[in-house]
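Scroll down for the structure; my scribbles are underneath it.
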Amino acid sequence: MRSGRENSVEAVTDLIIRIPGGTVVTTKSKDAPIQEKPVNPTFQAPYGREEMNKMLGDPLPEQKFIGKKYAYSKKWARNYGRLLKKGEIPAYRHRPLWVNKAVVDPFLCAMLLLEGAGFEYKKIGCFNPRPKRYNAALGPSVHTWAAAFDIDAKENPSFIPNLDSPTPFSPGWKQRSKLTEEEVNIFEKYGFEWGGRWSKFRDPMHFQFARGY
Ligand SMILES: [Zn+2]
Numbered sequence: 020m021r022s023g024r025e026n027s028v029e030a031v032t033d034l035i036i037r038i039p040g041g042t043v044v045t046t047k048s049k050d051a052p053i054q055e056k057p058v059n060p061t062f063q064a065p066y067g068r069e070e071m072n073k074m075l076g077d078p079l080p081e082q083k084f085i086g087k088k089y090a091y092s093k094k095w096a097r098n099y100g101r102l103l104k105k106g107e108i109p110a111y112r113h114r115p116l117w118v119n120k121a122v123v124d125p126f127l128c129a130m131l132l133l134e135g136a137g138f139e140y141k142k143i144g145c146f147n148p149r150p151k152r153y154n155a156a157l158g159p160s161v162h163t164w165a166a167a168f169d170i171d172a173k174e175n176p177s178f179i180p181n182l183d184s185p186t187p188f189s190p191g192w193k194q195r196s197k198l199t200e201e202e203v204n205i206f207e208k209y210g211f212e213w214g215g216r217w218s219k220f221r222d223p224m225h226f227q228f229a230r231g232y
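If you're matching positions, the sequence shown starts at 20 in this note's numbering and goes up one per residue.
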């Protein structure tokens with residue numbers, strides 16, 4: 020008969036790695052690329068601003084501006100912020116990234132798979148307490164909650180589509196964005212909404228952990 024301890028040791032073979040935030044996600048061995056294993060969490064992004072404030076905290080208890088940016092709550096930043104250090108983010112080696120702690124797990128899960136699939140990014144932006152770029156009247160961008168990521172903005176620029184614009188991954192799309200369907204699928208699998216699918220404002224660099232907003 021096996022003890023619980025042996026069971027847990029067996030369950031955590033050298034093939035399983037832990038990511039900051041504590042979630043066991045994928046497996047890895049020295050000579051094999053990262054692979055997905057049955058331990059594969061699902062994440063549900065909040066829907067709408069009310070749910071966002073519940074899950075991600077409310078960065079703007081008073082909606083005040085300093086210049087073009089919101090004066091965000093320092094208390095919110097202390098309670099909900101989390102600094103991912105350089106080297107702690109798979110597929111991104113350049114800079115630390117300050118994010119909402121509620122998105123740490125889905126983000127790192129996605130990045131881990133992306134790294135395993137051979138992708139690597141040069142520049143990622145997250146926290147930025149500003150209005151939405153397409154239409155400021157629509158309210159604060161999800162970047163205000165530190166729950167959206169702009170990936171390699173230069174190579175994946177936003178644009179306003181017209182009738183001739185290619186839809187994602189159709190012929191001609193490659194001129195608009197370097198991101199492949201495989202990369203987008205990985206983010207979507209972990210609950211992120213992709214700005215490249217928005218109809219009025221295409222934002223291929225943008226992945227947000229929020230829906231219906
Ligand atoms: Zn963005």
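Glycine is no exception: its CB is placed at the ideal position from the N, C-alpha and C atoms. None of these values were measured; they are calculated from a predicted model.
Look at the alpha carbon of Gly144 and the alpha carbon of Glu69, and state the distance between them as a whole number of angstroms. Within the sequence shown, numbered from 1, the residue matching residue 144 stands at position 125. Within the sequence shown, numbered from 1, the residue matching residue 69 stands at position 50. Distance between the alpha carbons of Gly144 and Glu69 is about 24 Å.
Closer than 8 Å by C-beta to Lys197: which residues in its own chain qualify, once you throw out the five before and the five after it? Chain order, please. Within the sequence shown, the letter at position 178 stands for residue 197. So the list reads Asp171, Glu174, Asn175, once near-sequence residues are dropped.
Within its chain, find whatever has a CB closer than 7 Å to the CB of Arg114; leave out the 5 residues flanking it on each side and keep chain order. Taking the sequence shown and counting its residues from 1, the one referred to as residue 114 is at position 95. Answer for Arg114: Lys105, listed in chain order.
Would you kindly check if the distance between the Cβ of Phe62 and the Cβ of Tyr209 is under 7 Å? For the purposes of this step, residue 209 is taken as residue 190 along the sequence shown, with counting starting at 1. For the purposes of this step, residue 62 is taken as residue 43 along the sequence shown, with counting starting at 1. Contact flag set, yes.
Distance between Leu182 and Gly67 (C-alpha atoms, nearest Å): Within the sequence shown, numbered from 1, the residue matching residue 67 stands at position 48. Within the sequence shown, numbered from 1, the residue matching residue 182 stands at position 163. In a straight line, the C-alpha of Gly67 is about 29 Å away from that of Leu182.
Should Ala167 be listed as close to ligand 1, given that the test is whether its C-beta is under 6 Å from any heavy atom? For the purposes of this step, residue 167 is taken as the residue at position 148 of the sequence shown. Yes, ligand 1 has a heavy atom inside 6 Å of this Cβ.
Nearest-angstrom Cα separation, counted from Trp213 out to Glu55: As a position in the sequence shown, residue 55 is number 36, starting the count at 1. As a position in the sequence shown, residue 213 is number 194, starting the count at 1. Note that Glu55 scores 47 on pLDDT, short of 50, meaning its location in the model is unreliable; the coordinates nonetheless yield the value given after this. Each residue's Cα considered, the two are about 22 Å apart.
DSSP bridge partner residues for Gly144 (one or two, in chain order): On the sequence shown, position 125 is the one that residue 144 refers to. Its beta-bridge partners are Asp169.
Rounded C-beta distance between Leu133 and Glu200? I'm assuming under 8 Å. As a working note, residue 133 is residue 114 in the sequence shown. As a working note, residue 200 is residue 181 in the sequence shown. With a Cβ gap of about 13 Å, Leu133 and Glu200 do not count as contacting.
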